[in-house]
Amino acid sequence: SFTPIAATNKGWLVTGSKFSPSGELIEYNDTNALYLYDPETKEFSEKLYQDPNYDVGGFTGTCRNASGSAGVDYDTRELLYVTYEAQEPVNVYFDEEIAQIYNGLEAVFPNEWVSPVTRDKDRNKMVIRVSSPSNPGDYYFYNRETAQIIPLYNYAPWIDRKIMAETIPVKYTARDGLVIPAYLTLTKKKTERNYMIVLPHGGPNTKQRIGFDWWTQFFANKGYNVLKMDFRGSTGLGTNHYVLGNTQWGKKMQDDITDGVLWAIENGYADKDRVCIAGASYGGYATMAGLTFTPDVYRCGINAIGVTDQEQLLQDYARRASKFQSWDEEPLLEWGDMSTPEGREYAKEISPILHVKNIKAPLLILHGSNDYVVPPFHARNLIDELKKYGKTYEAMFQAYEGHCVTYCGELASQEYMEIQEKFLEKYLRN
Numbered sequence: 002s003f004t005p006i007a008a009t010n011k012g013w014l015v016t017g018s019k020f021s022p023s024g025e026l027i028e029y030n031d032t033n034a035l036y037l038y039d040p041e042t043k044e045f046s047e048k049l050y051q052d053p054n055y056d057v058g059g060f061t062g063t064c065r066n067a068s069g070s071a072g073v074d075y076d077t078r079e080l081l082y083v084t085y086e087a088q089e090p091v092n093v094y095f096d097e098e099i100a101q102i103y104n105g106l107e108a109v110f111p112n113e114w115v116s117p118v119t120r121d122k123d124r125n126k127m128v129i130r131v132s133s134p135s136n137p138g139d140y141y142f143y144n145r146e147t148a149q150i151i152p153l154y155n156y157a158p159w160i161d162r163k164i165m166a167e168t169i170p171v172k173y174t175a176r177d178g179l180v181i182p183a184y185l186t187l188t189k190k191k192t193e194r195n196y197m198i199v200l201p202h203g204g205p206n207t208k209q210r211i212g213f214d215w216w217t218q219f220f221a222n223k224g225y226n227v228l229k230m231d232f233r234g235s236t237g238l239g240t241n242h243y244v245l246g247n248t249q250w251g252k253k254m255q256d257d258i259t260d261g262v263l264w265a266i267e268n269g270y271a272d273k274d275r276v277c278i279a280g281a282s283y284g285g286y287a288t289m290a291g292l293t294f295t296p297d298v299y300r301c302g303i304n305a306i307g308v309t310d311q312e313q314l315l316q317d318y319a320r321r322a323s324k325f326q327s328w329d330e331e332p333l334l335e336w337g338d339m340s341t342p343e344g345r346e347y348a349k350e351i352s353p354i355l356h357v358k359n360i361k362a363p364l365l366i367l368h369g370s371n372d373y374v375v376p377p378f379h380a381r382n383l384i385d386e387l388k389k390y391g392k393t394y395e396a397m398f399q400a401y402e403g404h405c406v407t408y409c410g411e412l413a414s415q416e417y418m419e420i421q422e423k424f425l426e427k428y429l430r431n
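Sequential numbering from 2 applies to the sequence shown in the numbering used here.
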């Protein structure tokens, strides 16, 4: 496909692959590339830019789009820059003056990312946002004529930026040779052991970000290293990386997570008997898959709003589906097709609820009673199975919350964090 991201004086700026006016594929791109496109003639002109490893905006699948936006001149509609996220934010400049301005500002704020918010027509006065993995965002007014940079306000001013942990981009190789981009956050606390939280993302068709992450910083502040990864099936890394995740829940997608744990142990970031897996939504599923399919890898697990029953997930989705939705067929490829014998067998094989007897590690379950994405029966049925097999677990249901764990209401978020802190102190440290 291709997706418009800006209107310029030379036509639309689109990202994706190249097509003929009649819709035939001319140039396939594994990672979405930038083109100029004439909406009148439906013709593409030259390719402007392509990252070999990451999508510059647009859709990998049809569910969630990759990051990517463009800046154009207010008057002339000339293309000035494009910004997107690889392992770190990337700015591609098409205007020399704009490049000089932002390169100069980046020199003022080393090790942080400067992004434009708004500016005047003459490019002399602008508001910028400065952020990093340890900084949720500071806003400044910049006067180019006087070379003044004036603080405006801080996002989340109660956060002490100096005590926040830094996050670094890393890569490791999965057992079948696929390169997995990941993000490593090292605690600033002095601890007796290398405690680690492995934090797979939700979705699963989405992408990790290196920016400020509340859950990551919470864990790091309590003395835990954190590893997040873009396992196969993640978006924003091209079609091949995405499609390799098709019907690989609990299988190769989970192997990618396990291989990240082994990498962290081998490189001294985690002690082999002090690793906990935690996650929300699909990350909650990955937590349960980790505890049931690789029970000797983890000392404990935190399943927040996670899927436990793949059969029920697909059946519920089928009831809500509509022939008018473009995404309806994609989950059949990604998650499995319950209309086929192979799909039903796959769902049974990868549903953690059917393999609870394998669990060895203590488990914390967090769920919102008003979760309509992953209904709370996933947690309640899991608890019934844990009781049946005499497994160690703790659970908390938030009466008024839904599909969230860090971005809930203030009281709920605080309660979620407090119970995690106590759980980790009890089962990961001891």
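Backbone N, C-alpha and C fix where the C-beta goes; we use that ideal spot for every residue, glycine too.
Beta carbon of residue i nearer than 9 angstroms to that of residue j
i	j	result
E395	L355	no
Y283	L292	no
C409	G369	yes
A290	Y417	no
A183	K172	yes
E167	S135	yes
L383	T295	no
E113	D96	no
I129	V118	yes
T248	T61	no
I181	N226	no
C277	L425	yes
E350	G251	yes
A175	D257	yes
L49	Y196	no
Q313	F219	no
Nearest candidate by alpha-carbon position, reference residue i, set the options
i	options	result
G224	N66, K191, L412 and F45	K191
S18	F45, K11 and A7	F45
A281	D260, D76, G261 and I303	I303
A34	I6, K43 and S23	I6
N30	I278, D56 and W159	D56
G24	L245, T42 and K349	T42
F20	L106, L37 and Y428	L37
D161	G138, I150 and T174	G138
D123	P40, S133, G246 and I99	I99
L233	N222, G246 and A221	Before going on, a small fix: residue 233 reads as Arg here, not Leu. That would be G246, whose Cα lies nearest to the Cα of R233.
A67	G285, P111, T16 and Y94	T16
C301	T407, Q51 and K427	K427
Beta-bridge partners of residue i, as assigned by DSSP
i	result
T173	Note that residue 173 is Tyr in the sequence shown here, rather than Thr. According to DSSP, which records beta bridges pairwise, Y173 is partnered with I181.
R120	M127
I366	N304 and A396
G133	The amino acid occupying residue 133 in the given sequence is Ser; Gly does not appear at that position. S133 is bridged to N136.
T4	T16
W114	S132
N155	D139
T186	T168 and V227
Straight-line gap, residue i to residue j (C-alpha atoms, nearest Å)
i	j	result
K433	L315	As displayed, the chain neither begins before 2 nor continues past 431, which places residue 433 out of reach and without an answer.
K189	Y270	13 angstroms
E28	T84	23 angstroms
A287	T259	10 angstroms
V109	G307	42 angstroms
A8	L14	6 angstroms
N144	K126	5 angstroms
F213	D274	28 angstroms
D372	P342	30 angstroms
D338	Y347	9 angstroms
K324	G204	Low confidence applies here, because K324 scores a pLDDT of 48, under 50, leaving its location unreliable and the question unanswered by this model.
W264	L185	11 angstroms
T217	L412	19 angstroms
A1	A362	An answer regarding residue 1 cannot be provided, because it is not within the stretch 2 to 431 covered by the chain.
S414	C405	9 angstroms
T4	T207	17 angstroms
A148	Y141	12 angstroms
S69	Q255	This sequence places Gly at residue 69; Ser is not what is there. Spanning the two alpha carbons is a distance of roughly 28 angstroms.
R381	K388	11 angstroms
P453	A221	The requested residue 453 is not part of the displayed model; the chain covers only 2 to 431.
W159	I151	20 angstroms
W215	Y401	21 angstroms
Residue environment, residue i, which counts as buried when at least 16 other CB atoms sit within 10 Å
i	result
E335	buried
S235	buried
V374	exposed
R210	buried
Y75	exposed
A71	buried
D231	buried
L26	exposed
Y243	buried
L153	exposed
P353	buried
E419	exposed
R77	Sequence check: residue 77 is Thr here, not Arg. T77 comes out exposed.
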